[in-house]
Each structure stands twice: as structure tokens, then as C-alpha cells.
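> When you line the sequence shown up against this note's numbering, it's residues 620 to 804, in that order. Following this message is one structure expressed as C-alpha cells.
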Amino acid sequence: MLAPLSDSELIGQCKRGKLKAQELLYKRFYSFAMGVAIRYVINRDDGLEVVNDSFIKLFRSFDSYDEHQPLKPWLRRIVINTALDSRRRQKHFQFSVELGEVEGLQSPVTVIDQLNANDILNLLEQLTPLQRSVFNLYEIDGYNDEEIAEMLGVTASTSRSYLTRAKEKLRTALVKQDNRYAKIS
Numbered sequence: 620m621l622a623p624l625s626d627s628e629l630i631g632q633c634k635r636g637k638l639k640a641q642e643l644l645y646k647r648f649y650s651f652a653m654g655v656a657i658r659y660v661i662n663r664d665d666g667l668e669v670v671n672d673s674f675i676k677l678f679r680s681f682d683s684y685d686e687h688q689p690l691k692p693w694l695r696r697i698v699i700n701t702a703l704d705s706r707r708r709q710k711h712f713q714f715s716v717e718l719g720e721v722e723g724l725q726s727p728v729t730v731i732d733q734l735n736a737n738d739i740l741n742l743l744e745q746l747t748p749l750q751r752s753v754f755n756l757y758e759i760d761g762y763n764d765e766e767i768a769e770m771l772g773v774t775a776s777t778s779r780s781y782l783t784r785a786k787e788k789l790r791t792a793l794v795k796q797d798n799r800y801a802k803i804s
């Protein structure tokens, strides 16, 4: 049995147009790419479309890839940009205005220790698409307000506003979740 190819060997073969290498690279990084994509899209079907489009872009742009750099950050950036482009094309990026005021927190949130990955994804689904994207870009992917504004075609203050609204909505949802756990205990 042949030893598995390293990432750099696989990338080298992909650069030479080897379809089997592209398939292996896709399989190796599919879960990573889907994990990134699912944070920016509405459902798994859209996530799969973003992942597939991202890999097509990746394979077409390997000639500009610096082999001395790790692949994951480059792939992550491609997936994020593809997801945002997809959202813009689908016109799901609707700006919404929050009319209700969020009540302040009265007690510390203790439910965080009891959350699993699915609980967190369910909480994020309660955000509007723009709030979710801004939250993910800022809190998870580490972009600043100006970078987010440029990526989404909004002003930096609009980006900060959506981030604040997203955090408040998540806090409110966590308080509700905490109250549900308190009733069970």
C-alpha cells in the first residue's frame, strides 16, 4: 500500500492537473471547508454549493499559491469570499432594521458551559444573515470592522452596528436558554 501523500505533494500534483490528486485534496479538506461555509450560509445545501465552488476556484488558482504557506488559511479565505459572493448573488443579504429594544442582562449567563456545537449553530441561526456574517467575520475569523465593511460593501459603522445587534440577540437567546435549563434542574 502506498503511503499517503503530504499536502505539498498533493498540491504539486493538483498544479499539474492530476484529477485524482484534486479528488484526494477535496476529500482531505472537505470537512474543514464545510465547517467554514456553514457559518455563512442559510443551510447545508448552500454550504455544499459554496464548498464545491470554492474548490473549483482553488484548483483554478493554484498557480498563484505559495507552496511555502499552509493551505488551510488560503482555502478558508476562498470559502469565506465564495460564501459572501453567493449570498450577494442570491440577494439574501437584505439589510433589516431591528425595531425592538433588547433588555439588559440581569444575571450572569451560565448556560455557556452546557452548550455543544449544535446548540451554538442553532443560536447563530437566530441572527439575520448579515448579523451572522458580521459576527463570524469579526469574532471567529478575526477581521476588523474596516475589513468587514469592505468585504460586505457597507460602512465600518454599519458593520459595528450589526455586530452589536448580533451580540445582543445572542445574549438574549442565551438568557432564554439559561431559563429553560434552570427550569429543568
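For each residue, glycine too, the CB sits at the ideal point set by N, CA and C.
#1: Taking the alpha carbon of residue 762 as the reference point, which residue from 744, 783, 696 and 635 has its own alpha carbon closest?
#2: Using the C-alpha atoms, what's the distance from residue 789 back to residue 746?
#3: Which class does residue 671 belong to by DSSP, given the choice of helix, strand or coil?
#4: Can you find a heavy atom of the ligand GTP that lies under 7 Å from the Cβ of residue 764?
#5: Please go through the same chain and pick out, in chain order, the residues whose beta-carbon is closer than 8 Å to the beta-carbon of residue 759, but skip the five residues on each side of it.
#6: Which residues bound the alpha helix (DSSP H) around residue 695?
#7: Use the C-beta contact count for residue 764: other C-beta atoms within 10 angstroms, 16 or more gives buried, fewer gives exposed.
#8: From residue 778 to residue 796, what distance separates their C-alpha atoms?
#9: When the Cα atoms are used, what is the spatial distance from residue 669 to residue 791?
#10: So residue 667 packs on residue 694, CB below 8 Å; how close in whole Å?
Inspection of the coordinates gives the following:
#1: The residue labelled residue 762 in the question sits at position 143 within the sequence shown. Here the closest residue by C-alpha is 696.
#2: Looking up residue 746 in the sequence shown gives position 127. Looking up residue 789 in the sequence shown gives position 170. Roughly 8 Å separates the two Cα atoms.
#3: On the sequence shown, position 52 is the one that residue 671 refers to. If DSSP states are grouped into helix, strand and coil, residue 671 belongs with the helices.
#4: No copy of the ligand GTP occurs in the structure displayed, which carries no ligand at all.
#5: Along the sequence shown, read from residue 1 onward, the residue named residue 759 stands at position 140. Correct list, in chain order: 658.
#6: Numbered from its first residue, the sequence shown carries residue 695 at position 76. Run containing residue 695: 690–709, per the alpha helix (DSSP H) assignment.
#7: Here residue 764 is taken as the residue at index 145 of the sequence shown, counted from 1. With 16 or more other Cβ atoms within 10 Å, it is buried.
#8: For the purposes of this step, residue 778 is taken as the residue at position 159 of the sequence shown. For the purposes of this step, residue 796 is taken as the residue at position 177 of the sequence shown. Those two C-alpha atoms are separated by around 27 Å.
#9: Residue mapping note: residue 669 aligns to position 50 of the sequence shown, counting from 1. Residue mapping note: residue 791 aligns to position 172 of the sequence shown, counting from 1. Near 30 Å, if we compare the C-alpha coordinates of residue 791 and residue 669.
#10: Mapped onto the sequence shown, residue 667 falls at position 48. Mapped onto the sequence shown, residue 694 falls at position 75. Actually they do not touch by this definition, with Cβ atoms about 16 Å apart.
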